[in-house]
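**Student:** Before I ask anything, here is the structure I am working with.
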Amino acid sequence: KNEVEQSPQNLTAQEGEFITINCSYSVGISALHWLQQHPGGGIVSLFMLSSGKKKHGRLIATINIQEKHSSLHITASHPRDSAVYICAVLSNTGNQFYFGTGTSLTVIP
Amino acid sequence: KAGVTQTPRYLIKTRGQQVTLSCSPISGHRSVSWYQQTPGQGLQFLFEYFSETQRNKGNFPGRFSGRQFSNSRSEMNVSTLELGDSALYLCASSPSGSRSGNTIYFGEGSWLTVV
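Have a look at this one:
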């Protein structure tokens, strides 16, 4: 049983396209994180959400607590956005992180 | 401000041996958490330490242990290594940990290969 489901698993886009990555979860949460992992392993936390919407540059993250769903949008995608994007939720019981399997994004020039 | 530093970056161990990995958090951060990442299982939470106390623990066997020192530096230890322990081990720090919903900052990870 996966507490966090992400879609799609793989995504290829042309430079400039609008991209959406979805995350659904089945546990009660206190926070949701969107992470970015580049080849080589390093992970960067892009957003931490507990409600609503956040924007940082070309990236937008939304969360709907009632529907247990979050989306990460990338506007005007660029080849440097190519990475694996991981959704992680912090459960509100046990304070444990659960991770999605990641979405591998490739943006072609 | 220096980021999260993990050492060593790469290591190879033999089955049955033990390994100790180190993590130095960002200065002022009191929470350190550890994660295992494998191609098959993805990212999995190991444990979180805050002010030298283990606060949360994931579903890993007792061979996986950790500790945190008074300067917030943390170590994790895996005893009696198995081939399946080959993974990228990531450490992350935050000011006051998961309960406050802080942003977490990851290190580059330690790549462990068990042969």
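Here the protein sequences come in this chain order: V and L. The first sequence runs 1 to 109 under the working numbering. The second sequence runs 1001 to 1115 under the working numbering. Using N, Cα and C, we set each Cβ at its ideal position, and we do this for glycine too. Nothing here was measured: the structure is a model prediction, and the numbers come from that model.
#1: Between the alpha carbons of N1077 (chain L) and W34 (chain V), how many angstroms are there, rounded?
#2: Secondary structure at R1030 (chain L), three-state DSSP: helix, strand or coil?
#3: Keeping to the same chain, check which residues put their C-beta closer than 7 Å to that of S1086 (chain L); ignore five residues upstream and five downstream.
#4: Could you name the residues of the stretch 21 to 45 of chain V whose beta carbon sits closer than 9 Å to any beta carbon of chain L, in the order they occur along the chain?
#5: Around the C-beta of G57 (chain V), are 16 or more other C-beta atoms found within 10 angstroms, so that it is buried, or is it exposed?
#6: Could one say the Cβ of E1082 (chain L) lies closer than 9 Å to chain V's Cβ atoms, at least one of them?
#7: Where S1094 (chain L) and G52 (chain V) are concerned, what is the direct C-alpha to C-alpha distance, given to the nearest angstrom?
#8: For the structure I just gave you, are there three or more beta carbon pairs, one from the stretch 1021 to 1028 of chain L and one from the stretch 1045 to 1065 of chain L, closer than 8 Å?
#9: Could you compute how far the alpha carbon of A76 (chain V) sits from the alpha carbon of E15 (chain V)?
#10: When the Cα atoms are used, what is the spatial distance from V89 (chain V) to P39 (chain V)?
#11: Can you look up G52 (chain V) in the DSSP assignment and give me helix, strand or coil?
**Tutor:** With the given structure in hand:
#1: Cα to Cα, the separation comes out at about 28 Å.
#2: In the three-state scheme derived from DSSP, where H, G and I count as helix and E and B as strand, R1030 (chain L) is classed as coil.
#3: For S1086 (chain L), same chain residues with a beta-carbon under 7 Å away, outside a window of 5 residues either side, are L1112, T1113 and V1114 in chain order.
#4: Per Cβ criterion, the list reads S30, A31, H33, L35, Q37, G40, G41, G42, I43, V44 and S45.
#5: The residue in question, G57 (chain V), is exposed, as its Cβ has fewer than 16 Cβ neighbours within 10 Å.
#6: Not an interface residue.
#7: Cα-Cα distance, rounded: 22 Å.
#8: In this structure the stretch 1021 to 1028 of chain L does not touch the stretch 1045 to 1065 of chain L; the number of beta carbon pairs closer than 8 Å is below three.
#9: Each residue's alpha carbon lies about 7 Å from the other.
#10: Whole-angstrom Cα-Cα distance: 23 Å.
#11: Annotated three-state conformation of G52 (chain V) is strand, per DSSP.
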